């Protein structure tokens with residue numbers, strides 16, 4: 002019996018060993034390495050082409066300087082201002098703004114007119130955009146003899162030539178307009194990226210039937226009969242809608258204007274609400290007015306000094322800062338800047 006018990010205990014020990022050996026469970030391990038959070042980016046670039054009295058500020062090749070050159074089809078005579086080949090500012094390729102000036106003009110006269118076609122490029126992400134005009138200064142410089150005694154120039158009445166004139170009259174008499182230079186096809190096809198490019202897009206000419214003025218352009222009762230001659234009238238006589246630059250800061254919310262453009266454009270049924278149409282009709286025109294990250298937006302800024310402006314504006318001047326800002330669209334429903 003003792004021998005049997007010993008034998009059983011040995012079996013039991015073996016059994017225990019056998020049971021212990023079965024505890025190696027099936028298993029598998031998956032490891033995700035290098036988890037990364039990377040912030041997106043938004044980058045705004047601006048380019049510009051300046052026009053003045055049917056001349057275009059153009060970059061030459063030898064030497065590589067900017068000079069006024071005639072618009073296509075225009076042949077200026079020796080009395081035209083400015084003359085071909087004279088230095089100019091207001092044109093540059095896509096860049097971050099710094100010392101660039103859209104307008105830097107001197108020796109202006111009643112009847113002068115010009116335009117700047119600028120384009121905004123928002124890279125990588127959609128964004129809300131706005132334009133502000135700040136730092137406006139209105140200078141009269143000194144009183145000129147023709148200004149003395151004019152009721153329109155209160156700063157110079159009863160003064161002598163050369164006396165300081167605190168407040169000028171040029172700003173109040175320079176009319177500006179600002180429109181979306183999208184051409185005949187709604188939105189921005191951004192030639193030459195597509196064979197369906199719009200040749201009137203960004204051409205510096207306002208097409209009344211298809212290019213809306215942006216909100217904030219205030220009509221001031223522009224009178225063609227009195228401000229434009231019967232012959233040789235500049236292009237703006239037929240179509241300009243004018244307003245002035247105010248001394249107080251101005252803020253123009255581009256999304257409000259672009260949303261209104263989308264609402265009044267004949268976009269095909271099914272056009273994406275976010276404005277991404279692969280450069281087809283209504284590309285860049287989102288229902289909420291955002292700047293679409295893949296679009297190039299062309300804007301026209303025209304100015305003119307009417308023929309009726311008199312001696313009160315002689316030697317006067319004004320300056321101002323034009324600023325464009327963008328901020329992320331996603332997760333920012335309140336247009337927070």
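Residue numbers (my numbering): 2 to 338. Cβ atoms here follow ideal geometry from the backbone N, Cα and C, with glycine treated the same way. Computed from a predicted structure; not experimentally measured.
- When secondary structure is reduced to three states using DSSP, residue 93 falls in the strand class.
- DSSP, reduced to helix, strand and coil, places residue 262 within a helical segment of the structure shown.
- Between residue 300 and residue 182, the beta carbon gap of about 6 angstroms places them in contact (Cβ cut-off 8 angstroms).
- Per the Cβ contact rule, the region 324 to 332 is not in contact with the region 146 to 156 (fewer than 3 Cβ pairs under 8 angstroms).
- Separation of residue 308 and residue 104 (C-alpha to C-alpha, rounded to the nearest whole angstrom) is 20 angstroms.
- Using a Cβ-Cβ distance cut-off of 8 angstroms, the region 89 to 105 and the region 257 to 273 are not in contact, since fewer than three pairs of beta carbons, one from each stretch, lie closer than that value.
- When 248, 168, 289 and 73 are compared, the shortest CA-CA separation from residue 254 is found for 289.
- For the options 284, 302 and 303, the alpha carbon positioned closest to that of residue 294 is the one of 284.
- For residue 93, same chain residues with a beta-carbon under 7 angstroms away, outside a window of 5 residues either side, are 48, 49 and 101 in chain order.
- Between the region 130 to 141 and the region 67 to 81 there are fewer than three inter-stretch CB-CB distances shorter than 8 angstroms, so the stretches are not counted as touching.
- The C-alpha of residue 320 lies about 16 angstroms from the C-alpha of residue 166.
- Taking the Cα positions, residue 247 is about 25 angstroms away from residue 298.
- By the 16-neighbour rule on beta-carbons within 10 angstroms, residue 186 is buried.
- Per DSSP, the unbroken beta strand (DSSP E) holding residue 58 starts and ends at 56 to 60.
- With contacts defined by Cβ atoms closer than 8 angstroms, residue 108 and residue 141 do not form a contacting pair.
- Secondary structure of residue 166 (DSSP, three-state): coil.
- With fewer than 16 other Cβ atoms from the protein chains shown falling within 10 Å of its own Cβ, residue 42 counts as exposed.
- Taking a 10 Å sphere around the C-beta of residue 270, we find fewer than 16 other C-beta atoms and assign the residue as exposed.
- Just so you know, the alpha carbons of residue 114 and residue 316 end up roughly 17 angstroms apart.
- Judged by their CB atoms, residue 245 and residue 173 are nearer to each other than the 8 angstroms cut-off.
- Considered as a whole, the region 254 to 312 harbours 255 to 265 as its complete alpha helix (DSSP H) runs of no fewer than 4 residues, in chain order.
- For residue 130, the uninterrupted beta strand (DSSP E) run begins and ends at 128 to 140, by DSSP.
- Here the alpha carbons of residue 280 and residue 296 stand approximately 8 angstroms from one another.
- Look at residue 51 here: in three-state DSSP terms it is strand.
- Contact between residue 121 and residue 45 holds, with the beta-carbon distance rounding to 7 angstroms and staying under 8 angstroms.
- Rounded to whole angstroms, the Cβ separation of residue 126 and residue 277 is 12 angstroms, and the two are not in contact under 8 angstroms.
- By the criterion of a C-beta distance shorter than 8 angstroms, residue 161 is surrounded in its chain by 144 and 149, once the five residues flanking it on both sides are discounted.
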